[in-house]
Every structure is written in structure tokens, then in C-alpha cells.
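Asker: Can you keep this structure in mind? I'll have questions shortly.
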Amino acid sequence: RCIVGETIGAVLSPAIGVAISPVPVIALILMLLSATATKNGLSFMAGWIVALLGVGALVLVLDVEVRGDDASTALGIVKLVVGVLLLLLAVRQFRSRPRAGQTPSMPRWMAGVSSMRPTQAFGLGLLLAGVNPKNLALTVAGIASMAAVAQDAAQRATGLVIFVVLASASVILPVLFFLTFRARAATALTAIRDWLSSFSWVVMTVLLTVLSVGMLGDAVAILGS
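The working numbering runs 62 ahead of the 1-based position in the sequence shown.
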């Protein structure tokens, strides 16, 4: 039995779902294009990672209290709830899409991102990774799934780290890209920001629908067994 393979398999889909987060990436890019790019970019990244580690660790602590058949049932219920939530978010995303001729709108708080202090950037990273409904739900489901196959503390810690690294890729990579290329990064980051601003609703609607179907299918399989 390949525990490492099962662990990666359990966290891969939810982690990618967390990583594909257009609004947080747009916010990060705005920070990287500001006068305080390095401090705010690193602070946002740190807040994002800390939030995922905190939520994941809490799920693992709670999972220790549940054993046997109860653990399987609990995992099925978690996946069912998360699947329904993701489906509702997909419907909301589709209904709020810009109509023909309309310019896609961003959240009002986005206007102040470029002038944030590092502590505010850290806090925003915390909120967007750990409190955002999509990311919170996927983190809980992913870590709970991983805990079901990784039975000892070392395996679970490894699984948590793997999840956080994968789920943070869309935040870590732009920061590393900026720190490596600096001036040349601005053009590429601006193009990415503009594309995400225009098509984020398409990305999110498709992503949420696919993840929802997967979660609901898993829930039916677990609860029906």
C-alpha cells in the first residue's frame, strides 16, 4: 500500500481548487505592482500559508477524536456539505456574471489593496485563504480526506505540508516570479491580472461545478457503503 500516493491523491483536487482563486491572485498582483511590492507580497503569502496551516491543523486535531465507522460517516457528511456548498457558490458565480457589454466588477475592497501596509496584507491573506467559503470548505474536505488514509502523525504532517504547498502555488509562484525578474515581471503580471479580471467568473463557475460533482460523488459512495 503506497501511503504517500494515497495522501497526495486525497489532497490533490481540493488543493488545486484552493490554488485556483482568481480574486486573491488579482489582489496579490496589485500588491506586486505597488510601491511596497516586496513587503506586501511576502506578507500576503505568509498570511495565506499560515491560514491554510491553521485550518488544516485544526481539522487534524478534531479528526483524532473520531474513529472507526464514525470517521467514515463524518467524512461522508463533510464531503456532502462541501459539495452542496460548492454547487451553491457555482450557481451564485454564474448568476453574478457580467452581461454582454458590461465590464467585470471587482470587490470594493480591491481599490485599497495597492496602499495596504504589510500587516494589512498579511491579514488579507489570512482572510482569503482561511475564511473565504470556497477555500475553507476545500481545505476542510481535503485534510479530512487525507486524514482518512494517513494514520500516523508523521504521515498526516506530511500530507498537510503537501496540501499547503499545492494550495499556495498560485500565491507563491507570482511572488517568486516578481522577486526574480522585478522590472520585467510587471508586464506579465499586468497581463495575467487583466485576463483574470475578464474571465474569473468562467474559471470559478467551471471549477466549482466540477469540484462539487466530485465531492457529491465521493459522499454518496462513502455514505452508501
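In this text, a Cβ means the ideal position worked out from N, Cα and C, and glycines have one as well.
In angstroms, rounded to a whole number, what distance separates the CA positions of S158 and L150?
Answerer: Against the sequence shown, residue 158 aligns to sequence position 96. Against the sequence shown, residue 150 aligns to sequence position 88. So the two alpha carbons sit approximately 12 Å from each other.
Asker: Once you ignore the five residues that flank I78 on each side, which residues in its own chain have a CB closer than 7 Å to its CB?
Answerer: Start at 1 with the first residue of the sequence shown, and residue 78 comes out as number 16. Contacts found: L228.
Asker: Report back the beta-carbon spacing between A183 and S105 to the nearest angstrom; my notes put them in contact at under 8 Å.
Answerer: Numbered from 1 along the sequence shown, position 121 holds the residue referred to as residue 183. Numbered from 1 along the sequence shown, position 43 holds the residue referred to as residue 105. That pair is a contact at about 4 Å.
Asker: Taking a contact to mean a Cβ-Cβ separation below 8 Å, would you say Q217 touches T69 in this structure?
Answerer: On the sequence shown, position 155 is the one that residue 217 refers to. On the sequence shown, position 7 is the one that residue 69 refers to. Closer than 8 Å, so yes.
Asker: Tell me the DSSP secondary structure of N197 in three-state form.
Answerer: If you number the sequence shown from 1, residue 197 lands on position 135. DSSP places N197 in helix when its eight states are reduced to three.
Asker: Are the region 231-245 and the region 113-127 touching by the rule of at least three beta carbon pairs closer than 8 Å?
Answerer: With a cut-off of 8 Å, the region 113-127 and the region 231-245 do not count as touching, because too few Cβ pairs lie within range.
Asker: Select from A81, P76, I91 the residue whose C-alpha is nearest the C-alpha of A247.
Answerer: What you label residue 247 is simply residue 185 of the sequence shown in a count that begins at 1. Among A81, P76, I91, the Cα nearest to that of A247 is on I91.
Asker: Using only the alpha-carbon positions, how far apart do G103 and M178 sit?
Answerer: As a working mapping, residue 103 is identified with position 41 in the sequence shown. As a working mapping, residue 178 is identified with position 116 in the sequence shown. Rounded to the nearest angstrom, the two C-alpha atoms are 11 Å apart.
Asker: Shortest alpha-carbon distance to A99 belongs to which of A283, A162, G71, A245?
Answerer: As a first step, residue 99 is located in the sequence shown; it is residue number 37 there, counting from the start. The candidate whose alpha carbon is nearest that of A99 is A245.
Asker: Please say whether L142 and L251 have beta carbons closer to each other than 8 Å?
Answerer: Reading the sequence shown from its first residue, position 189 is the one you call residue 251. Reading the sequence shown from its first residue, position 80 is the one you call residue 142. For L251 and L142, no; Cβs fall outside 8 Å.
Asker: Whose C-alpha, out of I284, I205, S259, G163, is nearest the C-alpha of S75?
Answerer: In the sequence shown, residue 75 corresponds to position 13, counting from 1. Taking only the C-alpha atoms, the option nearest S75 is I205.
Asker: Exposed or buried, F261, counting other C-beta atoms within 10 Å across all chains shown (16 or more means buried)?
Answerer: Within the sequence shown, the letter at position 199 stands for residue 261. F261 should be labelled exposed.
Asker: Would you kindly report the start and end of the unbroken alpha helix (DSSP H) that includes M168?
Answerer: Within the sequence shown, the letter at position 106 stands for residue 168. Looking at the DSSP string, M168 is not in any alpha helix (DSSP H), and its letter there is neither H nor E.
Asker: Buried or exposed: where does W171 fall if 16 or more other Cβ atoms within 10 Å of its Cβ makes it buried?
Answerer: Within the sequence shown, numbered from 1, the residue matching residue 171 stands at position 109. So W171 counts as exposed.
Asker: Does the Cβ-Cβ distance between G192 and M107 come in under 8 Å?
Answerer: Along the sequence shown, one-based indexing puts residue 192 at 130. Along the sequence shown, one-based indexing puts residue 107 at 45. No, they are not a contact pair.
Asker: Reducing DSSP to helix, strand and coil, say where I82 ends up.
Answerer: Along the sequence shown, read from residue 1 onward, the residue named residue 82 stands at position 20. Coil at I82, not helix or strand.
Asker: Give, in chain order, every unbroken run of the beta strand (DSSP E) that is at least 3 residues long and sits entirely within the region 74-124.
Answerer: DSSP runs (the beta strand (DSSP E)) wholly in the region 74-124: none.
Asker: Would you give the residue range spanned by the alpha helix (DSSP H) that A212 belongs to?
Answerer: Residue 212 sits at position 150 when you count from the first residue of the sequence shown. Note, A212: premise wrong, no alpha helix (DSSP H); not H, not E.
Asker: Could you give the distance in angstroms between the alpha-carbon of W257 and the alpha-carbon of S230?
Answerer: Reading the sequence shown from its first residue, position 195 is the one you call residue 257. Reading the sequence shown from its first residue, position 168 is the one you call residue 230. Near 20 Å, if we compare the C-alpha coordinates of S230 and W257.
Asker: Is DSSP giving Q164 helix, strand or coil here?
Answerer: As a working note, residue 164 is residue 102 in the sequence shown. Q164 falls in the coil class under three-state DSSP.
Asker: State the CB to CB distance for the pair A72 and M208, rounded to an integer number of angstroms; the pair is presumed to be in contact (CB under 8 Å).
Answerer: Position 10 of the sequence shown, counted from the first residue, corresponds to residue 72. Position 146 of the sequence shown, counted from the first residue, corresponds to residue 208. The Cβ separation is near 4 Å, so the contact holds.
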